[in-house]
Structure formats: structure tokens, C-alpha cells
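**Student:** By this note's numbering, the letter at position 130 of the sequence shown is numbered 469, and the numbering carries on one by one without gaps. Built from N, CA and C at the ideal position, the CB exists for glycine as well.
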Amino acid sequence: ISLSCPCTDRGWTCCPKGWRRFQGSCYFLSLDRMNWTESEQNCTGMGSQLVVINSKAEQVFLSEQIRQTKEPKPDNFYIGLFVEKVGQWQWVDKTPYNVTAAFWRKGEPSVVPDENCVIIHRDTELPNNWNNVRCLLHHRICE
């Protein structure tokens with residue numbers, strides 16, 4: 340979610356409760372798991388979308404937020420990148436996919452049938468921790 344941030348006597352406030360702020364956007368890291376389609380619908384229902392990562396700074400921020408999540412200790416979080424056609428990656432907001440601004444784990448993306456959704460993997464070295472997976476139950480990041 341992108342919001343304008345009104346200034347109050349307690350400083351800048353703008354993200355809904357439970358959301359985290361970074362560079363003008365608010366992020367929600369889920370504790371429950373859904374498949375990719377349900378995850379996208381859940382984000383949309385909150386007036387947001389699955390996260391579209393536009394910079395290394397944003398990628399590092401989100402990876403650090405995942406690592407700091409304590410209970411339960413989730414592993415994988417959906418982002419808003421998916422396969423539209425074989426080998427053709429698409430962001431949910433139609434931002435052009437830029438391979439030079441992608442953060443794939445070593446050996447990823449794999450060319451495996453049905454691995455059409457992308458997660459950030461918690462325990463992979465930063466910043467390259469994207470992995471394409473089957474669109475089953477994972478946590479999600481809404482923006």
C-alpha cells in the first residue's frame with residue numbers, strides 16, 4: 340500500500356496496524372499460509388497487492404523483516420512475480436520484469452513444470468533469495 344503520511348505530534352504515521360513502513364510503502368507479512376491465488380486475493384482485499392520488488396534496498400529490507408519474524412518461524416513468502424507463459428515472468432502490477440533487478444538464488448529460476456510462483460526464501464544468503472515454486476501453501480508479503 341502506498342499512503343501519504345500525515346505528521347502528528349508523535350511523528351510520522353501512515354501504515355495500518357501490523358504493517359511495516361519502508362520508503363513510502365507499507366508491507367504486511369502474513370503469519371498464515373495460503374496458495375498464490377488466495378494470497379493475491381487476500382492482499383487485494385486489504386487494498387494492496389502481492390509485493391512488487393523494485394530495488395535492492397527494498398529486497399534487503401523485506402529479507403531482513405522475514406529473518407526477524409519470530410513466531411511462528413516462517414520460511415517462504417510469496418511475492419507478486421509469477422510465470423505468465425513458460426519462461427516469461429510477470430509482476431502482478433504489470434511492471435516490466437527486469438532480469439538485472441531480479442534476486443534469484445543460485446540455480447534459480449529452475450525450469451520445472453508447475454513452478455510458476457515466486458517466494459523469498461528465509462535462509463538463503465542476501466540479497467539473492469528468490470525461488471520459483473509450485474503455487475501451494477506459503478506465507479505472503481502484501482504491499
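By a C-beta neighbour count over all protein chains shown, 10 Å radius and 16 as the cutoff for buried, is G426 buried or exposed?
**Tutor:** It counts as exposed.
**Student:** Taking DSSP as the reference, what is the three-state secondary structure of G426?
**Tutor:** Coil.
**Student:** Smallest Cα separation from D414: which of C354, R372, P355?
**Tutor:** Among C354, R372, P355, the Cα nearest to that of D414 is on R372.
**Student:** Determine which residues share a DSSP beta bridge with M373 and list them.
**Tutor:** According to DSSP, which records beta bridges pairwise, M373 is partnered with H477.
**Student:** Which residues in the same chain as V390 place their Cβ atom closer than 6 Å to its Cβ, once the five residues preceding and following it in sequence are excluded?
**Tutor:** Excluding residues within five positions, the ones whose Cβ falls inside 6 Å are I418, G419, I480, E482.
**Student:** Just tell me which of N467, P355, L475 has its CA closest to the CA of G386.
**Tutor:** The candidate whose alpha carbon is nearest that of G386 is P355.
**Student:** Would you mind stating whether N467 and V422 have Cβ atoms separated by less than 8 Å?
**Tutor:** Their beta carbons are not under 8 Å apart, which means N467 does not touch V422 by this criterion.
**Student:** Could you tell me the alpha carbon to alpha carbon distance between Q380 and P435, rounded to whole angstroms?
**Tutor:** About 21 Å.
**Student:** Identify, in the order they occur along the chain, each residue of the same chain with its Cβ nearer than 8 Å to the Cβ of Q429, setting aside the five sequence neighbours on each side.
**Tutor:** Result list for Q429: L420, F421, V422, E423, Y436, in chain order.
**Student:** Please give the ranges of any beta strand (DSSP E) in the stretch 375-424, keeping only runs that are unbroken, at least 3 residues long and fully inside the region.
**Tutor:** Qualifying beta strand (DSSP E) stretches, in chain order: 415-424.
**Student:** Pick from R359, S364, H477: whose alpha carbon is nearest that of N393?
**Tutor:** Per the Cα distances, S364.
**Student:** Considering only the beta carbon of each residue, do W375 and Y366 sit closer than 8 Å?
**Tutor:** The answer is no: Cβ separation not under 8 Å.
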